Amino acid sequence: MCRRVVSSELSAVIPAAGKSRRMGRPKQLLPMGESCVLGRCIELVLEAGVRNVVVAVPVSAPDGLMQLLAGYPVTVVTAGRSSAEMMDSVLLALGKVDGHSSGVMILPGDIPLVRVDTVREMIRRHSEMPERILLPVFRGRRGHPPVFPVSEFHELGPGENLRDMIRRNPERVEEVVVDDRGILFDLDTVEDYQRMCTLWNRSGNDNDSSPV
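Okay, here's the thing in structure tokens:
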């Protein structure tokens, strides 16, 4: 196990206010090992050394969600009914990000198979080039979690999202190649969840090994 290095430069935002329509039940609380999907996302950024973590949850949070979050050193923000898009949750959470942070990592609460080492690498690269938009890449495909300089959000126009920020500033984008297929895996359907459980069990529930 690598030594945990606490990052005071980078904050993490975990949008988890989605309505899980395709899943049919709250995917944040689906069991995953000894925790659940959202718990795993929180644990991996904390284990990687991110100190300031903000989680956005729905205003009508599922039973057990707030109880789960009470067990972690995170800040919780509640998204209103109008905050149906992920970007709305991100912008809401930004209001609680540490004012000393130079960058923000965005890890949606349904991307649970990312390796801890991948998050550590994103932290390291941000410390080397804090002015860049960092995008993890596996075999030529971009995934999660991206890292944005805080200053990028100051330039955000009405209705713009993370993709717009990337397209607008291609010269500021730096791709970070990682050996982690988990950056591409998101959780939308029951079939996705079944596959996730298979992959997670195959990895032996080891946060530092690639489960995919």
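For the sequence shown, the working numbering gives the first residue as 717, with consecutive numbering after it.
Heads up, the beta-carbon is just placed ideally off N, CA and C, and yes, glycines get one too.
This one's a predicted model, so the numbers in the text were calculated from it and none came from an experiment.
Point to revise | Val820 (DSSP reduced to helix, strand or coil) | key: One-based indexing of the sequence shown puts residue 820 at position 104. Reduced to three states, the DSSP call for Val820 is strand.
Point to revise | Proximity of Glu847 and Pro865 at Cβ, strictly below 7 Å | key: Stepping through the sequence shown from its first residue, residue 847 is reached at position 131. Stepping through the sequence shown from its first residue, residue 865 is reached at position 149. In contact: Glu847 and Pro865 (Cβ atoms closer than 7 Å).
Practice item. Compare the beta carbon distance of Met845 and Leu726 with 7 Å and say whether it is the shorter of the two. Key: Here residue 845 refers to the residue found at position 129 of the sequence shown. Here residue 726 refers to the residue found at position 10 of the sequence shown. It is not a contact, given that the beta carbons lie outside the stated cut-off.
Check your understanding: From Asn768, Ser817 and Arg831, pick the residue whose C-alpha is nearest to that of Leu915; which is it?
Key -> The residue given as residue 915 occupies position 199 in the sequence shown. Per the Cα distances, Arg831.
Check your understanding: Are at least three pairs of beta-carbons, each pair with one atom in the segment 782-793 and one in the segment 741-758, less than 8 Å apart?
Key -> With three or more CB-CB distances shorter than 8 Å, the segment 782-793 counts as touching the segment 741-758.
Check your understanding: Enumerated in chain order, which unbroken segments of the alpha helix (DSSP H) with a length of 4 residues or greater are wholly contained in the segment 858-903?
Key -> DSSP assignment within the segment 858-903 yields the following whole alpha helix (DSSP H) runs of 4 residues or more, N-terminal first: 866-870 and 878-884.
**Study point:** Which of helix, strand or coil DSSP assigns to Leu657
**Key:** Residue numbering for the chain in the displayed model covers 717 to 928; residue 657 lies beyond these limits and cannot be assessed.
Exercise for review: State yes or no: is the C-beta of Val889 within less than 7 Å of the C-beta of Pro852?
Suggested key: Position 173 of the sequence shown, counted from the start, is the residue given in the question as residue 889. Position 136 of the sequence shown, counted from the start, is the residue given in the question as residue 852. Judged by their CB atoms, Val889 and Pro852 are not nearer to each other than the 7 Å cut-off.
Practice item. Would you kindly check if the distance between the Cβ of Leu823 and the Cβ of Pro861 is under 7 Å? Key: Position 145 of the sequence shown holds residue 861. Position 107 of the sequence shown holds residue 823. Pro861 is a Cβ neighbour of Leu823, given a cutoff of 7 Å.
Review point. For Val813 versus Met838, is the C-beta distance shorter than 7 Å?
Key: Start at 1 with the first residue of the sequence shown, and residue 813 comes out as number 97. Start at 1 with the first residue of the sequence shown, and residue 838 comes out as number 122. The answer is no: Cβ separation not under 7 Å.
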